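Protein sequence lines correspond, in order, to chains A and B.
In this text, residue positions in the first sequence follow our numbering: the first is 99, and each later residue adds one.
In this text, residue positions in the second sequence follow our numbering: the first is 22, and each later residue adds one.
Note sheet for the following structure.
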Amino acid sequence: MRRFRKTFTWLLLILGAIIFMLPFIIMIGNSFETFTFSLPNPPRLLPKEFTLDNFKEIINVYHIFNYFGNSVFITFVTTIIVIFISALSAYAFAKIPFRGRELLFKLYLFTLMIPGVLNIIPQFMLINELGMIGTRRGLILLYVGTGICGNTFFLRGFFEAIPNELIESVVVDGGSHFTIFKKIVMPLAKPAIGTLAILVLLGTWDDFLTAKIILGAKESLLTLPIVIHRINGQHATKYGLVFAASIITLIPVMLVYTINQKFFVVGGIGEGAIKE
Amino acid sequence: MKTNLVKKRTHTKSNKIYNKSWQAIIFILPGLILAIAFIFYPMIKNIQISFSDYDIMSGKLTFTGLNNYKELFNESQQRFFTAYRNNILYAVVVTPITLFLGLIIAVAINSIKKFSVTFKVIYYLPVITSWIIAGLMFKYLFNPGIQGPINYLLVNILHIIPQPINWLKTEWGGNISIWILGIWKNIGYAMLLYLAALQGINKSYYEVADIEGATGLQKLKKVTIPLIKPTSFFLTIQLLIGSFNVFLQVLVLTGGDPRGKTSVLQYLLYTRTFKLYKFGEGAAIGILTAVSILIVTLILNKKMKVDY
Chain A
99 MRRFRKTFTW
109 LLLILGAIIF
119 MLPFIIMIGN
129 SFETFTFSLP
139 NPPRLLPKEF
149 TLDNFKEIIN
159 VYHIFNYFGN
169 SVFITFVTTI
179 IVIFISALSA
189 YAFAKIPFRG
199 RELLFKLYLF
209 TLMIPGVLNI
219 IPQFMLINEL
229 GMIGTRRGLI
239 LLYVGTGICG
249 NTFFLRGFFE
259 AIPNELIESV
269 VVDGGSHFTI
279 FKKIVMPLAK
289 PAIGTLAILV
299 LLGTWDDFLT
309 AKIILGAKES
319 LLTLPIVIHR
329 INGQHATKYG
339 LVFAASIITL
349 IPVMLVYTIN
359 QKFFVVGGIG
369 EGAIKE
Chain B
22 MKTNLVKKRT
32 HTKSNKIYNK
42 SWQAIIFILP
52 GLILAIAFIF
62 YPMIKNIQIS
72 FSDYDIMSGK
82 LTFTGLNNYK
92 ELFNESQQRF
102 FTAYRNNILY
112 AVVVTPITLF
122 LGLIIAVAIN
132 SIKKFSVTFK
142 VIYYLPVITS
152 WIIAGLMFKY
162 LFNPGIQGPI
172 NYLLVNILHI
182 IPQPINWLKT
192 EWGGNISIWI
202 LGIWKNIGYA
212 MLLYLAALQG
222 INKSYYEVAD
232 IEGATGLQKL
242 KKVTIPLIKP
252 TSFFLTIQLL
262 IGSFNVFLQV
272 LVLTGGDPRG
282 KTSVLQYLLY
292 TRTFKLYKFG
302 EGAAIGILTA
312 VSILIVTLIL
322 NKKMKVDY
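This is how it looks when you write it as structure tokens:
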């Protein structure tokens with residue numbers, strides 16, 4: 099009975115894993131297919147003849163690495179700014195008592211219940227009024243602005259866990275909150291900040307809607323998801339091309355994920371929210 | 022002198038941190054300004070826009086009362102209600118299946134020692150794949166005709182259906198494709214949270230169950246599932262709210278075809294606003310969606326009382 103259950107578990111896991119991997123395998127296989135509009139018939143997992151034509155075209159004709167650069171720039175700047183500002187806020191919410199703190203924090207929490215995209219129209223208008231449509235500044239500003247509440251909430255949980263004695267000892271020595279923030283809280287919270295940075299990084303890298311609406315008109319600044327979607331719409335979908343572009347977009351994500359796998363497994367994603 | 026100083030220090034120790042609470046302003050301010058500008062203000066502004074017409078050239082808002090809402094309910098009635106229906110169907114179909122499969126996989130991974138990390142990575146891959154890319158993969162899988170791998174599987178290998186289905190261009194074919202993509206992409210997330218919850222369960226519960234002679238299934242039903250209830254609750258809320266967030270699946274897979282029959286609220290919001298420049302109508306859709314989500318959350322909070 100026990101052995102039967104074990105075999106069954108393994109069978110289930112392996113079968114599931116194959117189903118989960120299949121779309122990826124098909125994507126990779128297709129990116130090496132010969133360049134054509136029609137799909138191979140019957141469908142096959144791996145191409146008959148391997149060719150790099152799709153990758154060549156996506157690099158030379160579609161200049162994918164220009165857009166790759168755009169994505170990298172926007173993602174990094176956004177992540178650094180949003181984490182820094184959220185950490186400042188989270189510190190105040192966790193460790194500096196001030197009037198109205200709980201109420202303000204509840205407001206921050208409340209906004210998390212409403213999907214961010216529903217505010218996209220007034221946000222678009224605001225960026226428009228600031229004259230920042232079609233600029234990186236505009237896009238980054240919007241990312242940072244919409245990221246504050248969630249990330250502050252996430253970091254506060256970790257900051258609260260830092261013992262007050264540590265903080266008081268600095269206060270006794272005449273240190274300011276800035277010193278505490280810089281010398282104690284930030285170094286101690288490195289794992290939490292690392293986890294959050296990865297989440298923000300991946301979220302920004304994959305964002306489609308915000309980038310499309312803010313950058314829309316500015317061809318040279320577009321990010322990878324928009325470009326992939328655009329190539330997809332241009333023809334009767336040349337799958338070889340879109341999959342080649344997709345693979346180039348996915349590689350950094352996979353790298354970040356596998357290198358930092360332990361961050362994901364430790365959780366952090368929902369943990370803080372569950373305890374609430 | 023020395024003792025005096027020490028005394029003074031300990032005396033003011035507790036107050037000193039409070040005396041510096043003005044510094045909180047400097048810590049909070051950058052974030053607060055941004056949150057007000059890009060979250061709190063837009064939330065309120067959205068209400069105003071939903072009652073107005075917006076001229077993108079001049080940037081002027083003209084009050085038009087309930088016009089936008091009327092438009093949604095009357096003229097384009099079908100479109101709005103179909104989209105709303107599709108969101109609800111998505112929630113009803115995708116949420117339980119995702120929870121169920123996520124739990125099964127988590128229990129399975131939790132019970133093995135070797136390769137558990139490998140399986141975790143594999144099942145989590147779809148979660149970190151962007152919706153655009155995942156959507157394209159599934160667009161390929163659901164291709165019409167026998168070239169589409171799913172059709173090929175169903176017709177030529179399994180012989181379940183006689184004819185290939187035009188998945189993405191029919192009402193139910195399209196919706197089913199959207200659900201399957203949603204399930205495939207969400208399971209890893211459910212699995213991860215369930216794994217964390219499972220690892221938090223005290224082993225002694227199972228020891229007691231073993232002594233009592235409980236079977237595996239009984240243990241799952243009587244021990245595991247009740248103990249991971251908070252996680253299930255959290256995931257249910259997340260997935261239900263997430264089902265109002267469906268957008269890119271539709272954009273990539275069906276484009277709302279045929280005639281808006283696979284459209285969802287956010288897709289409608291996007292096309293009305295940024296393709297047809299009906300900002301007021303878009304905002305009205307946004308308000309109605311937000312209200313729906315609030316109601317769902319409140320009901321769930323009441324119904325599913327959980328001890329944390």
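The beta-carbon is built from N, C-alpha and C at its ideal position, and this holds for glycine as well.
For clarity, every value in this text was computed on a predicted model and none was experimentally measured.
Membership of Asp74/B in the beta strand (DSSP E) is indicated by the continuous run Ser73 to Asp76.
By the criterion of a C-beta distance shorter than 7 Å, Phe279/A is surrounded in its chain by Tyr189, once the five residues flanking it on both sides are discounted. Under the three-state reduction of DSSP output, Lys81/B falls in the strand class.
Ser264/B is a Cβ neighbour of Ala112/B, given a cutoff of 7 Å.
A distance below 6 Å between beta-carbons, with the five flanking residues on each side excluded, links Val325/A to the following residues of its chain, in chain order: Tyr165.
Residues of chain B with a Cβ closer than 7 Å to the Cβ of Leu319/A do not exist, since the nearest Cβ in that chain sits about 18 Å away. According to the DSSP assignment, Glu227/A belongs to the alpha helix (DSSP H) that extends over Ile218 to Glu227. The distance from the Cβ of Ile181/A to that of Leu294/A is about 6 Å, consistent with a contact at the 8 Å cut-off. The distance from the Cβ of Pro213/A to that of Asn266/B is about 5 Å, consistent with a contact at the 8 Å cut-off.
Within chain B, the residues whose beta carbon sits less than 7 Å from that of Glu227/A are Gly80, listed in sequence order.
The alpha-carbon separation between Ile345/A and Gln44/B amounts to approximately 47 Å. The straight-line gap separating the alpha-carbon atoms of Tyr173/B and Pro141/A is approximately 7 Å. For Pro140/A, there is no enclosing alpha helix (DSSP H), as DSSP marks it with neither H nor E. Close to Pro147/B, with beta-carbon spacing below 9 Å, are these residues of chain A in chain order: Phe118, Pro121 and Phe122. At least one C-beta of chain A is nearer than 7 Å to the C-beta of Ser132/B.
For Gln168/B, there is no enclosing alpha helix (DSSP H), as DSSP marks it with neither H nor E. For the segment 77-154 of chain B, the full-length alpha helix (DSSP H) segments reaching 4 residues or more read 88-94, 98-132 and 137-149 along the chain. Under the Cβ distance rule, Ile194/A counts among the residues neighbouring chain B, one pair being separated by less than 7 Å. Minimum Cα-Cα distance from Val283/A among the listed residues Gln359/A, Ile312/A, Ala192/A and Thr347/A corresponds to Ala192/A. A Cβ-Cβ distance of about 5 Å is found for the pair Ala343/A and Ile156/A, placing them in contact under the 8 Å criterion. The segment 237-249 of chain A and the segment 265-279 of chain A do not touch, with fewer than three beta-carbon pairs separated by less than 8 Å. By the criterion of at least three beta-carbon pairs nearer than 8 Å, the segment 158-166 of chain B is in contact with the segment 110-126 of chain A. For Tyr62/B, the closest of Val159/A, Met230/A and Met223/A by C-alpha to C-alpha distance is Met223/A.
In this structure Asn152/A is in contact with Gly338/A, their Cβ atoms being roughly 4 Å apart against a cut-off of 8 Å.
Neighbours of Pro285/A in chain B, taken as residues whose beta carbon is under 7 Å from its own, are absent, since the nearest beta carbon is some 17 Å off.
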